[in-house]
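Chemist: There's a structure below that I have some questions on.
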Amino acid sequence: MRTIDGIGSMFQPLENAISAKLIPALTGRGPCSSVERTILSLPMRHGGLNLVNPVEVANSHYNASLKITEPLKKMIISQTTTYKKIYLHNIKADLRRQKNQYHQQLATEAKQNYFPALLNGCDDTTSWFKHKGNKSFSETWKRLPSLTAVFEQVATSEGNICESDFLEQFVAALYCSTFDGDNVNNARRYLFTSKGKTIDNIPPTAASLNEHVKRSEL
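60 is the number that this note's numbering gives to position 27 of the sequence shown; each next residue is one higher, with no gaps.
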């Protein structure tokens, strides 16, 4: 990883074993979602377990190795026996700073994505909303960009259950793009009476959605 460039993809079998076997053995749960995997790869100070993804970090480790061995390479080329320690110290400090910035950015993105993932079922293939997969969820989210702020607030513990009013509008739009309203109960009645949708193809009740939001927040 530190001595050969461009071999990140070769670590995919190892990453598969970490995700499918090691993490479930540690957590006592099934395979984790992509969002959960990102969180677990973070250092403990960011809420993770430092279970890095070798596919993603291979290139950064190689580049860090190039920088850290630069003084030694120059010594060999110039055939000298000394080097400036302050130069190596600055390189290490810069690498630590870059690593911390990367982890901070990754943690922020993971927190922003975690609540929507929980709301949608926290799974890469299935959704809590019946007959509405991740593709429908993402497309509806794009049509309602203002909902991003709500997701971020709840994910950072700055939001509360009252935000579910906005989520009702989102769920109503998820099941019917032509419905003009922000109440899922009204959307259920509209789809059932006007569109002839079966019970399996209409959104959950407001009470059911509210309980699901509570579970997602916790």
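Backbone N, C-alpha and C fix where the C-beta goes; we use that ideal spot for every residue, glycine too.
Here the structure is a predicted model, which means the values were calculated and not measured.
1. Do residue 48 and residue 88 count as a contact pair if the criterion is CB distance below 8 Å?
2. Determine the direct distance from the alpha carbon of residue 235 to that of residue 226, and round the result to whole angstroms.
3. In the DSSP assignment, find the alpha helix (DSSP H) that holds residue 98 and state where it starts and stops.
4. Using 8 Å for Cβ pairs, my map puts residue 177 next to residue 140. What's the rounded Cβ distance?
5. Can you give the Cα-Cα distance for residue 55 and residue 221, rounded to whole angstroms?
6. Secondary structure at residue 157, three-state DSSP: helix, strand or coil?
7. Please determine if the stretch 56-72 and the stretch 94-101 are in contact, where contact requires at least 3 C-beta pairs separated by less than 8 Å.
8. Starting from the C-beta of residue 180, find all residues in its chain whose C-beta is less than 7 Å away, skip the five residues before and the five after it, and write them out in chain order.
9. Within 10 Å of its beta-carbon, does residue 158 have 16 or more other beta-carbons around it, so buried, or fewer, so exposed?
Modeler: Based on what the coordinates show:
1. Yes, these two residues count as a Cβ contact at 8 Å.
2. Here the alpha carbons of residue 235 and residue 226 stand approximately 11 Å from one another.
3. Looking at the DSSP string, the run of the alpha helix (DSSP H) that includes residue 98 is 87-101.
4. Incorrect: roughly 25 Å between the Cβ atoms, too far for contact.
5. Rounded to the nearest angstrom, the two C-alpha atoms are 43 Å apart.
6. Note that residue 157 scores 47 on pLDDT, short of 50, meaning its location in the model is unreliable and no value can be drawn from it.
7. At 8 Å Cβ cutoff, the stretches do not touch.
8. Taken in chain order, the residues that qualify are 174, 199 and 203.
9. Unreliable placement is indicated for residue 158, whose pLDDT of 46 sits below 50; the coordinate value is still reported in the next sentence. Flag for residue 158 reads exposed.
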